[in-house]
Every structure is written in structure tokens, then in C-alpha cells.
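Below is one structure; the comments refer to it alone.
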């Protein structure tokens, strides 16, 4: 049984799937400041809905970002701890890949998510293959929206970033597409092999907003 979750964005999204890919439970909550409070109860609720326990899990898939440091860390630490305690396989998936995989656009597509500081995380993807998978052509990277508008020009752009910065990205009509990664899509893509998996290592792309103090400064 596969447990999938992502905390790389303002959303905390969790899904539980059978080995055949049948979705057993899922939930999503959007609150950029409560990842640590929301994730564990969401996992417990998914297990309860599926009438199973942690020991029934055989695999964990987690979104690796890019995303803000604090929220992303909550998901990765939880995934690593659970996988280690349970002795099961852990895989990581780029969170932008998850959004791209869920797109219904027939051709190439760009994903742009909110990186805060008036920046976006972005990546470019090829048209979907017959199985629905998409090859990442460029990225992930972090930039000011105006600095990459020429790169994304002419492409359908999806994700929270385009909702926030449509004018800077020079995007016309917004697509009716998911703003955040979906744990349901993460679970489905891992089970059927249409999402590339790797190590559960974070894609921060830049230093955290809060850094450790280097010590007291001299007042002399």
C-alpha cells in the first residue's frame, strides 16, 4: 500500500493507494502556516478511512519541491522518519512534475508555483506521451516572473505562480488547472510509473528565509 503526500506549497495533500493504484483515501488543506499541524492528522485520517494501520504500508512517496524551506522540510522529515521506522521504501518526486502530470493540455506546458519573495519556481515540460507522462525539458529554477516571461512565452502556464503573477508572466486567460501539487496524482503517477522517482532529497534552490545567527556582534 502506498502513502503519498506533498507539503512543498501552501497545500498539505495526502493520499493512500492500493498496489493496483486504486485510491483509498485523500485530502487536501490549504494553509501556508500550519504544515506541521496538519500533516500527521491527515495521514492518520487517511489510514483510518482505509481501515488500515501504518504497518500495512509498503511504500511512501513524497514531493521534494522546490518549495519554501519550512513547509517542505515538514513533509520530508515525516516521510523519512516513517520509512525508517517501518522499514519500507521511500521515493521522492519533484513537485512541479506532479502538477505537470495532472495537466490536460495536449502540448508542451510550463509550471510556475509561488516561491515567495515575489518569485516563482518554474519548469518546462514536453507534450504528454501516450501513457500521460511528461518529460521535463528545463528547470526546476527560481526567478522573478518578469525575468522568465520570455522563456514561458507562448506556452500554457499552470500553477499558483501564474495566478499570482499573470501580468508579469504576460499570460492571458488562466487555465482551469490545479494550483498546487496533488497527492492523488503523486500516488497514481508513482504506481503506474508515469512520474520519475528519485531520492527524497529537498529541492530548496535557495537559502532559507531564516538563518542561524553567527554569534553576537560587537558594539564597539
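In the working numbering, the protein residues as written are 20 to 239.
No residue lacks a Cβ here, since even glycine has one placed at the ideal position from N, Cα and C.
This one's a predicted model, so the numbers in the text were calculated from it and none came from an experiment.
Query raised in the report: What is the DSSP secondary structure of residue 130, reduced to helix, strand or coil?
Result: Taking the chain shown and counting its residues from 1, the one referred to as residue 130 is at position 111. Residue 130 falls in the strand class under three-state DSSP.
**Report entry** Rounded C-alpha distance that separates residue 171 from residue 104
**Finding:** Start at 1 with the first residue of the chain shown, and residue 171 comes out as number 152. Start at 1 with the first residue of the chain shown, and residue 104 comes out as number 85. Their Cα atoms are separated by approximately 43 Å.
Report task. Report the residue from 52, 69 and 39 whose alpha carbon sits nearest the alpha carbon of residue 33. Result -> Counting from one through the chain shown, the residue named residue 33 turns up at place 14. For the residues 52, 69 and 39, the minimum Cα distance to residue 33 belongs to 69.
Requested in this report: Would you kindly work out how many angstroms separate the C-alpha atoms of residue 122 and residue 162, rounded to a whole number?
Outcome: Mapped onto the chain shown, residue 122 falls at position 103. Mapped onto the chain shown, residue 162 falls at position 143. Residue 122 and residue 162: Cα-Cα distance of roughly 22 Å.
Query raised in the report: Under the rule that 16 or more other beta-carbon atoms within 10 Å means buried, what is residue 40, buried or exposed?
Result: Here the question's residue 40 lines up with position 21 in the chain shown. Exposed.
Query raised in the report: Can you tell me the Cα-Cα spacing of residue 124 and residue 176, whole angstroms?
Result: In the chain shown, the residue the question calls residue 124 occupies position 105. In the chain shown, the residue the question calls residue 176 occupies position 157. A direct Cα-Cα distance of roughly 10 Å separates residue 124 from residue 176.
**Report entry** For residue 75 and residue 63, the rounded distance between their alpha carbons
**Finding:** Here residue 63 refers to the residue found at position 44 when the chain shown is read from its first residue. Here residue 75 refers to the residue found at position 56 when the chain shown is read from its first residue. Answer to the nearest angstrom: the Cα atoms are 13 Å apart.
**Report entry** Coarse secondary structure for residue 92, derived from DSSP in three states
**Finding:** As a working mapping, residue 92 is identified with position 73 in the chain shown. Helix at residue 92.
Requested in this report: Jot down the residue ranges of each uninterrupted alpha helix (DSSP H) in the stretch 131-189, minimum 4 residues, whole runs only, in chain order.
Outcome: 164-171 and 179-183
Query raised in the report: At a cut of 8 Å, does the stretch 41-53 reach the stretch 143-150 through at least three beta carbon pairs?
Result: no
Query raised in the report: Identify the residues that DSSP records as bridge partners of residue 108: which are they?
Result: Position 89 of the chain shown, counting from 1, holds the residue named residue 108. Residue 108 pairs with 78.
Query raised in the report: For the alpha helix (DSSP H) that residue 58 lies in, which residues bound it at each end?
Result: In the chain shown, counting from the first residue as 1, residue 58 sits at position 39. Where residue 58 is concerned, the enclosing alpha helix (DSSP H) stretches over 54-68.
Query - residue 125 - containing beta strand (DSSP E), residue span - result: For the purposes of this step, residue 125 is identified with residue 106 of the chain shown, where counting begins at 1. Neither: residue 125 is in no beta strand (DSSP E) and is coded neither H nor E.
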